[in-house]
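Protein chains: 2
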Amino acid sequence: MSSSESQEPPPSSESISKKAAKKEAAKQEKLRRRQEVATATSAASNLSVDDDPLAVNYGDVPLIELQSKTPVDVNDWTKVEALDDSLANRPVQIRGRAQTIRPVGKKMAFLVVRENGFTVQCLVQAQPDSVSSQMVKFAAALSRESVVDVEGIVSIPAAPIKGATQQVEIQVKKLYCVSRAVPTLPINLEDAARSEVEIEKAIQAGEQLVRVNQDTRLNFRVLDLRTPANQGIFRIQSQVGNAFRQFLLAESFVEIHTPKLIAGSSEGGAAVFRLDYKGHPACLAQSPQLHKQMSICGDFGRVFEIGPVFRAEDSFTHRHLCEFTGLDVEMEIKKHYFEVMDIVDKLFVAIFDSLNQNCKKDLEAVRNQYPFEPLKYLRNTLRLTYEEGIQMLKEVGVEIEPFGDLNTEAERKLGQLVLEKYGTEFYILHRYPLAVRPFYTMPCYDNPEYSNSFDVFIRGEEIISGAQRVHVPEFLEQRAEACDIEVKTISAYIDSFRYGAPPHGGFGVGLERVVMLFCGLNNIRKTSLYPRDPLRIAP
Amino acid sequence: MSSSESQEPPPSSESISKKAAKKEAAKQEKLRRRQEVATATSAASNLSVDDDPLAVNYGDVPLIELQSKTPVDVNDWTKVEALDDSLANRPVQIRGRAQTIRPVGKKMAFLVVRENGFTVQCLVQAQPDSVSSQMVKFAAALSRESVVDVEGIVSIPAAPIKGATQQVEIQVKKLYCVSRAVPTLPINLEDAARSEVEIEKAIQAGEQLVRVNQDTRLNFRVLDLRTPANQGIFRIQSQVGNAFRQFLLAESFVEIHTPKLIAGSSEGGAAVFRLDYKGHPACLAQSPQLHKQMSICGDFGRVFEIGPVFRAEDSFTHRHLCEFTGLDVEMEIKKHYFEVMDIVDKLFVAIFDSLNQNCKKDLEAVRNQYPFEPLKYLRNTLRLTYEEGIQMLKEVGVEIEPFGDLNTEAERKLGQLVLEKYGTEFYILHRYPLAVRPFYTMPCYDNPEYSNSFDVFIRGEEIISGAQRVHVPEFLEQRAEACDIEVKTISAYIDSFRYGAPPHGGFGVGLERVVMLFCGLNNIRKTSLYPRDPLRIAP
Numbered sequence: 002m003s004s005s006e007s008q009e010p011p012p013s014s015e016s017i018s019k020k021a022a023k024k025e026a027a028k029q030e031k032l033r034r035r036q037e038v039a040t041a042t043s044a045a046s047n048l049s050v051d052d053d054p055l056a057v058n059y060g061d062v063p064l065i066e067l068q069s070k071t072p073v074d075v076n077d078w079t080k081v082e083a084l085d086d087s088l089a090n091r092p093v094q095i096r097g098r099a100q101t102i103r104p105v106g107k108k109m110a111f112l113v114v115r116e117n118g119f120t121v122q123c124l125v126q127a128q129p130d131s132v133s134s135q136m137v138k139f140a141a142a143l144s145r146e147s148v149v150d151v152e153g154i155v156s157i158p159a160a161p162i163k164g165a166t167q168q169v170e171i172q173v174k175k176l177y178c179v180s181r182a183v184p185t186l187p188i189n190l191e192d193a194a195r196s197e198v199e200i201e202k203a204i205q206a207g208e209q210l211v212r213v214n215q216d217t218r219l220n221f222r223v224l225d226l227r228t229p230a231n232q233g234i235f236r237i238q239s240q241v242g243n244a245f246r247q248f249l250l251a252e253s254f255v256e257i258h259t260p261k262l263i264a265g266s267s268e269g270g271a272a273v274f275r276l277d278y279k280g281h282p283a284c285l286a287q288s289p290q291l292h293k294q295m296s297i298c299g300d301f302g303r304v305f306e307i308g309p310v311f312r313a314e315d316s317f318t319h320r321h322l323c324e325f326t327g328l329d330v331e332m333e334i335k336k337h338y339f340e341v342m343d344i345v346d347k348l349f350v351a352i353f354d355s356l357n358q359n360c361k362k363d364l365e366a367v368r369n370q371y372p373f374e375p376l377k378y379l380r381n382t383l384r385l386t387y388e389e390g391i392q393m394l395k396e397v398g399v400e401i402e403p404f405g406d407l408n409t410e411a412e413r414k415l416g417q418l419v420l421e422k423y424g425t426e427f428y429i430l431h432r433y434p435l436a437v438r439p440f441y442t443m444p445c446y447d448n449p450e451y452s453n454s455f456d457v458f459i460r461g462e463e464i465i466s467g468a469q470r471v472h473v474p475e476f477l478e479q480r481a482e483a484c485d486i487e488v489k490t491i492s493a494y495i496d497s498f499r500y501g502a503p504p505h506g507g508f509g510v511g512l513e514r515v516v517m518l519f520c521g522l523n524n525i526r527k528t529s530l531y532p533r534d535p536l537r538i539a540p
Numbered sequence: 002m003s004s005s006e007s008q009e010p011p012p013s014s015e016s017i018s019k020k021a022a023k024k025e026a027a028k029q030e031k032l033r034r035r036q037e038v039a040t041a042t043s044a045a046s047n048l049s050v051d052d053d054p055l056a057v058n059y060g061d062v063p064l065i066e067l068q069s070k071t072p073v074d075v076n077d078w079t080k081v082e083a084l085d086d087s088l089a090n091r092p093v094q095i096r097g098r099a100q101t102i103r104p105v106g107k108k109m110a111f112l113v114v115r116e117n118g119f120t121v122q123c124l125v126q127a128q129p130d131s132v133s134s135q136m137v138k139f140a141a142a143l144s145r146e147s148v149v150d151v152e153g154i155v156s157i158p159a160a161p162i163k164g165a166t167q168q169v170e171i172q173v174k175k176l177y178c179v180s181r182a183v184p185t186l187p188i189n190l191e192d193a194a195r196s197e198v199e200i201e202k203a204i205q206a207g208e209q210l211v212r213v214n215q216d217t218r219l220n221f222r223v224l225d226l227r228t229p230a231n232q233g234i235f236r237i238q239s240q241v242g243n244a245f246r247q248f249l250l251a252e253s254f255v256e257i258h259t260p261k262l263i264a265g266s267s268e269g270g271a272a273v274f275r276l277d278y279k280g281h282p283a284c285l286a287q288s289p290q291l292h293k294q295m296s297i298c299g300d301f302g303r304v305f306e307i308g309p310v311f312r313a314e315d316s317f318t319h320r321h322l323c324e325f326t327g328l329d330v331e332m333e334i335k336k337h338y339f340e341v342m343d344i345v346d347k348l349f350v351a352i353f354d355s356l357n358q359n360c361k362k363d364l365e366a367v368r369n370q371y372p373f374e375p376l377k378y379l380r381n382t383l384r385l386t387y388e389e390g391i392q393m394l395k396e397v398g399v400e401i402e403p404f405g406d407l408n409t410e411a412e413r414k415l416g417q418l419v420l421e422k423y424g425t426e427f428y429i430l431h432r433y434p435l436a437v438r439p440f441y442t443m444p445c446y447d448n449p450e451y452s453n454s455f456d457v458f459i460r461g462e463e464i465i466s467g468a469q470r471v472h473v474p475e476f477l478e479q480r481a482e483a484c485d486i487e488v489k490t491i492s493a494y495i496d497s498f499r500y501g502a503p504p505h506g507g508f509g510v511g512l513e514r515v516v517m518l519f520c521g522l523n524n525i526r527k528t529s530l531y532p533r534d535p536l537r538i539a540p
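Spelled out as C-alpha cells, the structure:
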C-alpha cells in the first residue's frame, strides 16, 4: 500500500465506495457537532444560537475534529509571519493565540492573533452574510492565550497598525476556538514582553506597570517562552548550534555522542552529581573531556559533540548553571596549538556572521525588549598572550599575579581595554600560566610556567576554554602527580595514550553563554530553556 | 593585531627582526635535537648513527617540536584517503599509524600506514642519497599503531596492492615517529578488523584465526574504534544526525536542549536513575517527552532535540542500552496525527538517501567486516494499521491479542511478511491499541480502544515510537487516572496545558538503533561509541 492511499482516515480496510459514503456522513456529522458546540458555547454566554443562521462560522472546535483528518491540507494555514501586502484581498486561514481581545460596541471586536512571536490584527465585524453579532460576542468572550483558527480576507489598513508586528489586517469571516486557556493567567504576556525602558518611562510619567521578575518567569516558563524576545532567543540558540555544526562538518569533523554516566568521579575540579549505577558508584560527566580525547586516540581525527554538561557547583552567579549545553571540540594537531585557535577563530566568525545574516527578526525581537549593541568582532580574531593581557592591565594600574589567573573583574576590565585599543569585543587570550590550567594541559616548550592554552572572551566574559593536551602517557602521569592527582584513579584515561596517541587539542564552549553574550543579556537563565541552578530543578 | 601576524611563535611581543633571528636559531636547534633523538633511538637499536650522514631523515620527533609551530602549513599533510594516481610522482607527507611493518632483508621494509581506516603501502628502501640501511632498520623496529610522519614520492605499483585501501605506493624519503605505541597491544587491529566470513573460511581450511569478542573490543575501545568498520559506523552515525537536523531545520523546526536533571521521577514506565540534587530527590530524564511538549505549549511550533536518554532497565538484549542518543521531535498538528507520520516518512527517506549518497566508503567499510544487504525502502513509506498488521500475521497462523501488543518475535515475522508483500524493510504501523500506549496518547475518534499512535520498523525491529498527545488538561487527568497514575505527581505537566495548548504530536528515535538496523548489525553496542549497559559503565 502506498503512502498516499493510506492517508484516508482509519480504519482503512473498507472498500472505496463505503469510504466515500462514510466520509460524506462524517462531514454532516461534523457540521452538526460544530453547531452543537456553538450552541453550548453561546448558551454559556446567554446567547441563543437558534436565532443565528450563521452559527457555523464560529464556535469551539470539538476535540474529535482534532483527532480525525479533514480534507484540508496543512499548507492551507498561512504563517502569521508571512502575512504581508502581497496577500491583499486574498482569503487566508491562520492558527495562533488570541493575544488581546478588544470589543468596540456590540458589532465589532479587534483580536490580535500571535504565532511564534509574530502578531496580526483581526477585525471581527458584524456583517449580514457571514458575521453575526453573536459571533462578535463569541470573539469578545475568548480568553487570552486561547488557540484560535481564523479565516478571513487580508486587507491593507488605512493607518499603520500599532501593537502588531504585521502591517496587514484580517477581515474575519470564520473564527473557531481550538483550545481554551484558563480565564486568569498567572502572568500576562504583555507584562512579560515589556522592556525595562518602557517600565522606567512609565514610572517617570507617574504610572506603574507590572514588572515580571526572572523567578516568576521561570515558574511559568510555558507562558514566558511565548514572548517575542524568548521566541527570538531560542531560535538564535538553534542557529548557533546549526552554524557550529555546519562549519565543523565542512572541516571534516565527526559528530560524536559520549556517555554522561561515568564510573567513579569525573576528571577533577568542580563538584559532581553522584549516583548509583547498578550498585556501582557513578557520576554525571562534567565535560566530555576524557571521551573526546579517547575518540582522538580512536582515530576519528577531528570530533565534536553538543550535549549536556553537569556541574554540581554552588555558584549563584548570572553566568553559572548546574546543567548546560556544551559545544565541545577535539582535534589532532600537527605541530602547534595555534591550529586549534585557527578553528576557534574561523568557527566563531562564521557563527556570528550567520546570526547576523539569518536571525535578523529574532535579534530585533530580543533587542526590542532587551536593548543591546551588535557585537563588534574582527574578520581575523585578535590574539593576545596572557603576558600581553596583564601588561595592558598593568598600564592602567591593575596588578595581576604573573602566574595567577584573571578574576571576573579583571577579565571585564581587559575586555574594555581591548575594545578601546583594537575595536573588538571578541578575542583570544592564550599562553596562560600552567599553574591555573588542568593537569592535562601541554606546557609551553620555551617556558614551562606557561601553557599551550587559551580562553576566548565575548564582551569581557569568558565563553571558551581550550588547549593542547599532553599526549605522552609518562608525561601525563608526571603532570597528574605534580597536580596532586592520584595516577591510579585516572589510569584508564592515561592508558588510552599508550597505544600511540596523536598530538591533539580542543576546546569547550557553553551554548547558553554564547547566546547570552552575543545578545548582551544579563542572566544565563534567559538563554536556557528550562534552567537548572542550585535552587531550581523545575519546571 | 591581525590573526596572520599573531601566528608567530609566542612570545609575540618581540620585534620582527629578533623574531627572524630566533626562528633561524630555532631551526638549527630543531635539527640538532632531531639528530640527538635519532642517535638515542639508533643506539637503542644497537646502531651507530655516527656512521649515518642521512640520520636527519628519520627518528623520533621530540616532544618539543609538537609544542612549537614550525613554518609548515597543516595543509602540507595529504590525507591517506586522498592518495590516488592523480598524485603520481608527486612528493607527499602523510601522518598515520604504522599498521603493519614487514622487513624484506636489511635493505627494504614495507610499512602500511593507516589514517581514519584508509591504508597505503609505503616502501622504505635503502638508497645512497636519502635512505640509509639504519633508516630501514628504524622502520622495521617501529611498534605497530605508532603514529608516524612519512614523506615520500607517490608511485603507481606494477601489480595491484593487497592489504591496503589505496592503490598507490609511497617511496619513502623521510620517516619520523611522532608517538610510540607500547610494543605489545592488548588487541591486534588485524584481528579486530577481521570478518566472520574470513574466520569461518580459515576454520574450514584447518586454520585458526583470532576472533576478538564484543566485550574485549569494548574493554579496549580506543584500539577497537580504529578498525575500518568502526571508522565507518561512527561516520555514518554522524551523517544520520546531520541529515536528521538538516531535514527538520528546512521544515521550520527549532532545535532545543531540555534538562536531563528532573525533579522527582520521570513520566513513568521504565526504571530511572535516581540522584540527590542539592538535597532534593531527582532523576535522569528517560526522555525529553514532558519538556518537548512544554516547548510546544511555549509556542515553538515544531521542535527537535538530539541528546542522551537514560534507562535504568535491566535489559540484557542486543538492542537495549542504559544510555543512548535520542532523536526527538514534537510538532503542532492542525487536524490529524498523519501530519506527524508525514514528517517521519519524508525524514527517514531523506536520511536513508543521504547515507546511500554520502557514506559510500563508510558503508563499504562496514560491509567488508559485517556483510549486509542495502536497506529496501519505498519512496512513499508504507503505512499499515495495527489491525491490518495482525490480520497479516493471522493469515500465516500467528494469533495476536487484538488489543495487546506485538512481541519482538511477532514484529520480526511481520517485517518478513511486509517485505514479501510490499518489498520494503521500512514501514509504519499505526492506530495501536490504546491500552499498550502511554497515558498521554490521544485515543482514536471513532474507536477509543485504538489510539492515534504509531511505531516504525526497520528490518523487523522497532526504531521509532510516536503519537498525537492529549492536549486537553481535563482529558489528560482522566487518562492518567485510567492508567493508575496519581494526577498530583504530574500536575506541573498537566498545568502546562491550561494556558491554551495547541494540538500536537511527536516521536522519538534511537540513533544507535537507526545505524544498527540500517547496517544490519547484530548488536547495539557496535553503534554506541562507549556503550552503557547494566554490566558496563566503562571506559
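Those sequence lines, one after another, are chains A and B.
Every number in my numbering is 1 more than the matching position in the first sequence, counting from 1.
Every number in my numbering is 1 more than the matching position in the second sequence, counting from 1.
Beta carbons: idealized from backbone N, C-alpha and C, even for Gly.
Residue i - DSSP class collapsed to helix/strand/coil
i, result
"A/Y423", "helix"
"B/M342", "helix"
"A/T547", "What is shown of chain A runs 2 to 540, which leaves residue 547 of chain A out entirely."
"A/V211", "coil"
"B/A194", "coil"
"B/H292", "helix"
"A/V457", "strand"
7 Å Cβ shell around residue i - same chain, five flanking residues per side excluded
i, result
"A/I334", "E340, V341, Q469, P504, H505 and G506"
"B/H319", "N523, N524 and I525"
Residue-level contact to chain A via CB, residue i, 9 Å cutoff
i, result
"B/G302", "yes"
"B/D225", "yes"
"B/C298", "yes"
"B/V93", "no"
"B/M109", "no"
"B/R195", "no"
Straight-line gap, residue i to residue j (C-alpha atoms, nearest Å)
i, j, result
"B/L124", "A/I307", "42 Å"
"A/A206", "A/V198", "12 Å"
"B/V510", "A/R413", "44 Å"
"B/I459", "A/V93", "40 Å"
Other residues of its chain near residue i: CB distance less than 6 Å, five sequence neighbours each side excluded
i, result
"B/A89", "V155 and I157"
"A/D346", "T382"
"A/V419", "Y428"
Cβ of residue i within 9 Å of any chain B Cβ
i, result
"A/D610", "Past the edges of chain A, shown from 2 to 540, lies residue 610 of chain A, and the structure says nothing about it."
"A/L112", "no"
"A/Q232", "yes"
Sequence-distant residues of its chain with Cβ nearer than 8 Å to residue i (five each side left out)
i, result
"A/Q370", "A194, R195, S196, T228, P229 and A230"
"B/V211", "N189, D192 and R195"
"A/V173", "L112, C123, L124, V125, Q126, V132, A140, V151, E152 and G153"
Residues that DSSP places opposite residue i in a beta bridge
i, result
"A/V273", "BP columns for A/V273 are empty, so no partner."
"B/H505", "B/E333"
"B/P282", "B/D277"
Proximity test, residue i beta-carbon vs the ligand NAP heavy atom, cut-off 8 Å
i, result
"A/K335", "Only the bare structure without any ligand can be found here, which leaves the ligand NAP out of the picture."
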